[in-house]
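Numbering of the sequence shown is given in the numbering used here, commencing with residue 1 and proceeding in unit increments. Before any comments, here is the structure.
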Amino acid sequence: MFGFNVLVLYIPKAKKYVILVSSLHDDKAIDPESREQSKPDMVVFYNFNKGGIDTEDQMCITYSGNRILNRWQTVKFTMLNMSGISSQVIFLGNQQESTH
């Protein structure tokens with residue numbers, strides 16, 4: 001794959017599976033120091049850092065312009081909400097870096 005991505009298939013339960021693609025992790029290792037012995041490093045890392053995703057979801061709900069629309073319009077507005085919040089976070093992060 002382009003960009004040295006790692007693809008991992010994780011099956012926590014029967015008939016449930018998670019496919020992970022990461023450019024940060026370079027192998028499919030299982031974290032020996034975590035209490036979650038059977039989870040790959042990528043899953044443990046995601047679970048540890050998912051607070052940012054929860055915050056973005058909460059902001060999308062709070063500042064959403066969505067109305068009751070058909071499915072495709074809702075998908076478009078959800079993508080616009082997420083891209084707007086992500087660009088604001090990047091902008092504010094760059095502003096803080098330039099002042100230090």
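Beta carbons are placed, not taken as given, at the ideal position from N, Cα and C, and that holds for glycine.
Asked, Found
"L92 - DSSP class collapsed to helix/strand/coil", "helix"
"Own chain partners of A14 with C-beta closer than 7 Å, once the 5 adjacent residues on each side are dropped", "none"
"K16, DSSP secondary structure in three states", "strand"
"Residue-level contact to chain C via CB, K15, 8 Å cutoff", "Absent from the structure is chain C; it holds one protein chain and no more."
"Reduced DSSP category for F22 - H, G, I as helix; E, B as strand; rest coil", "At residue 22 the sequence reads Ser, which differs from the Phe that was named. Residue state, collapsed to three classes: strand."
"Distance, S87 Cα to L80 Cα", "10 Å"
"Contact under 8 Å by Cβ, E56 with I30", "no"
"V43 and Y10 closer than 8 Å at C-beta", "yes"
"Cβ-based burial, P40 [other Cβ within 10 Å; buried from 16]", "buried"
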